[in-house]
Structure formats: C-alpha cells, structure tokens
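**Student:** Sharing a structure here in structure tokens format.
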C-alpha cells in the first residue's frame, strides 16, 4: 500500500492517512475485503506513532470504509461503502466552501472549476475505467 505522508504538512498525519486510504479505495487500488497493514506495521513503515495509525483506522471504521476485528485485523469494507446521503452532501459542501472561495478570489471561472473537478474525478476513476 502506497501512502504519501508529508510530515511537514499542516494537515494532521491521521487525516493524511484517512484521505490516502479513501483515495486508494476510490482509485480501485484497495479492494473490498482487502486487509490493511497492522497498526504496528504501518506505523513502523511510515515512521509514525502507532496511536496515529490507530486513530486513522478508527475514523475509517466510523465512516464505514473498514471493518476492524481481532481475527482479520483491519479490512476494507467487503459489502458496501457509506452512501452519499444528505448528511454527506452537506459535509462535502462545507469542506468545499473555503476551496471555492479561494478559487473565486484567484479569478477562476465556474467553467475552470468544473474542468478541474472533472479532471480530478476522471483521474480517480481511471483505474476502474480501464485507464490504469
């Protein structure tokens, strides 16, 4: 599993882990039912505190992306991922607001924003669509 963690980033490491794992799922690099590294193993590989990995795994469980059990460890949810319900859409809108405000202040048009969003979406889905 390839995770790009920036130890100098203002984004907390556990958030980077959560985002990286969700992106791996979206790209089809992490498949339903696939086991993730143990907390100890991933912490050692990344050179970070095991409590940081543990926090990330528990947040992923809370969001419905993984299952955690003593026998198998942490496994990508094998059945179904969380739905894009109204609560998710509201959270997404809240998270997008500062990014969109910054883009607008920099003079980006709606068309440019749409193009960037489409390009990122297409990049994420390229494995699934046969491009990667």
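Numbering (my numbering), first residue to last: 86 to 217.
From the three backbone atoms N, C-alpha and C, an ideal C-beta is built for every residue, glycine too.
The structure presented is a predicted model; accordingly, all values stated were derived computationally and were not measured.
Report yes if the CB atom of residue 163 is closer than 8 Å to the CB atom of residue 117, and no otherwise.
**Tutor:** Cβ distance < 8 Å, so residue 163 and residue 117 count as in contact.
**Student:** Quick check on the burial criterion: 16 or more other C-beta atoms within 10 angstroms. Buried or exposed for residue 29?
**Tutor:** Look at the range of the chain in this structure, 86 to 217, and you will see that residue 29 is not part of it.
**Student:** Taking the beta carbon of residue 142 as the centre, do at least 16 other beta carbons fall within 10 Å, making it buried, or is it exposed?
**Tutor:** Result: buried.
**Student:** Indicate, with yes or no, if the ligand FMN has a heavy atom lying under 7 Å from the CB of residue 92.
**Tutor:** This structure lacks the ligand FMN, and indeed carries no ligand of any kind.
**Student:** Where do the ends of the beta strand (DSSP E) carrying residue 154 lie?
**Tutor:** Per DSSP, residue 154 belongs to the beta strand (DSSP E) from 151 to 154.
**Student:** Please name the residue, chosen from 193, 169 and 134, that lies closest to residue 149 on a Cα-to-Cα basis.
**Tutor:** Among 193, 169 and 134, the Cα nearest to that of residue 149 is on 169.
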